[in-house]
Amino acid sequence: MTKSKVKKMLFVLSKATIENVYAAFIMANGARMEGIEAEIFFTFFGLEAVQKKKLNKLHVATVGNPAMHIPTMVGGLPGMEAIASKMMKKEMDKLDIPPVDEFLEILSDSGVKLWACKLAVDMFHLEEKELIDDLDGILTIGDFYNQADQDGCQLLYI
Amino acid sequence: MTTTISGTEINVTEDGYLTDFSQWTPEIAKELAKNEEIELTDRHWEIIKWIQDRVNAGEALSIRGIKKSGVLDIKEFYALFPGGPLKLSTKIAGVPKPKSCI
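Protein chains in written order, with this note's numbering: chain B, 1 to 158; chain G, 159 to 260.
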């Protein structure tokens, strides 16, 4: 067991852009590597990261993202997101960062609990079969707080 | 810095990782494992040997690499070294702490 004061990290992932999804995944995996429990609650657009058909097609945001260093108008042109996303995935591959599907397997095997938000699942009219098999369940916000109810638990909204 | 483990003086980092692999012995491994509340089984020794071979061959260890290794899977790795398998297994194996974030 970890000697750290942080016993559990609970991540709420509400976005489906590559940079947000990877931030949650890397921090959750990193927590497990340090002996800290980790769980991810996928809500709203974050649910795309656990939808079988969508999870490997996530994009980086090219509009409204000043760090892309391209004019917003250009970022909005057709195909720009795809190009930027492809470039980013290539760079990540060089660093041996796994694609989303493989990363989800690693997280699940490492003991990271993966939860879908019930309200968001209902709102997007999703069925359980559309979500990854490694999902640990669909939770209400009340269930989610139960998961957080212990000493040394930290919550992070991404 | 130096520390004494099972009667032998060894060089270690602040986190307790051996800085000189030639000082590693199975007795030291047992003692290091005990400090982490791990009892070494035959399977642990197999993995320790495999880790030493990989690292001494210049390979960087990562959790993703474990998944691809074909030697053990991630679940078994966490079961053998609970509380941070990459960190603990490398410490017990007497090799440097991995720098990987994955």
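Quick reminder that beta carbons are idealized off the backbone N, C-alpha and C, glycines included. Keep in mind that this is a model prediction, so the values were computed, not measured.
| Check | Outcome |
| --- | --- |
| Looking at chain G, is there any beta carbon in it that lies within less than 9 Å of the beta carbon of residue 30 of chain B? | yes |
| Within 10 Å of its beta-carbon, does residue 69 of chain B have 16 or more other beta-carbons around it, so buried, or fewer, so exposed? | exposed |
| Where does the unbroken alpha helix (DSSP H) through residue 186 of chain G begin, and where does it stop? | 184 to 193 |
| Below 8 Å CB to CB, which residues in the same chain sit around residue 172 of chain G once its five sequence neighbours on both sides are set aside? | 159 |
| Would DSSP call residue 241 of chain G helix, strand or coil? | coil |
| Report the three-state DSSP secondary structure of residue 38 of chain B (helix, strand or coil). | strand |
| Cα separation between residue 43 of chain B and residue 127 of chain B? | 15 Å |
| Among G:197, G:258, G:252, G:170, which has the Cα closest to the Cα of residue 224 of chain G? | G:258 |
| Any C-beta of chain G sitting closer than 9 Å to the C-beta of residue 101 of chain B? | no |
| Select from B:136, B:87, B:48, B:53 the residue whose C-alpha is nearest the C-alpha of residue 123 of chain B. | B:48 |
| Does any residue of chain B bring its CB to less than 9 Å from the CB of residue 254 of chain G? | no |
| Can you confirm whether residue 236 of chain G, when its beta carbon is compared against all beta carbons of chain B, has any partner nearer than 9 Å? | yes |
| Please classify residue 133 of chain B as buried or exposed, where buried requires at least 16 neighbouring CB atoms within 10 angstroms. | exposed |
| Given this structure, state the Cα-to-Cα distance separating residue 115 of chain B from residue 150 of chain B, to the nearest angstrom. | 18 Å |
| Among B:142, B:158, B:110, whose alpha-carbon lies nearest the alpha-carbon of residue 34 of chain B? | B:110 |
| Taking the CB atoms as reference points, tell me whether residue 141 of chain B and residue 119 of chain B lie closer together than 9 Å. | yes |
| Given a threshold of 16 other Cβ atoms within 10 Å of its Cβ, counted over all protein chains shown, does residue 100 of chain B qualify as buried or as exposed? | buried |
| Could you list the residues in the stretch 180 to 199 of chain G with a C-beta less than 9 Å from some C-beta on chain B, going in chain order? | 195 |
| Check each residue of the stretch 22 to 50 of chain B: if its Cβ is closer than 7 Å to any Cβ of chain G, include it; give the result in chain order. | 26, 29, 30, 33, 34, 35 |
| Is residue 138 of chain B close to chain G, meaning its C-beta is less than 9 Å from at least one C-beta of that chain? | no |
| For the beta strand (DSSP E) containing residue 9 of chain B, name the first residue and the last one. | 8 to 13 |
| Does residue 106 of chain B have its Cβ less than 9 Å from a Cβ in chain G? | yes |
| In whole angstroms, give me the CA-to-CA distance for residue 87 of chain B and residue 74 of chain B. | 16 Å |
| Is it the case that the stretch 218 to 232 of chain G contacts the stretch 181 to 196 of chain G, given that we only count it when at least three CB pairs across the two stretches are under 8 Å? | no |
| What residues from chain G crowd round residue 97 of chain B, counting only those whose CB sits closer than 7 Å? | 260 |
| I'd like to know if residue 133 of chain B contacts chain G, where contact means its C-beta is closer than 9 Å to some C-beta of that chain. | no |
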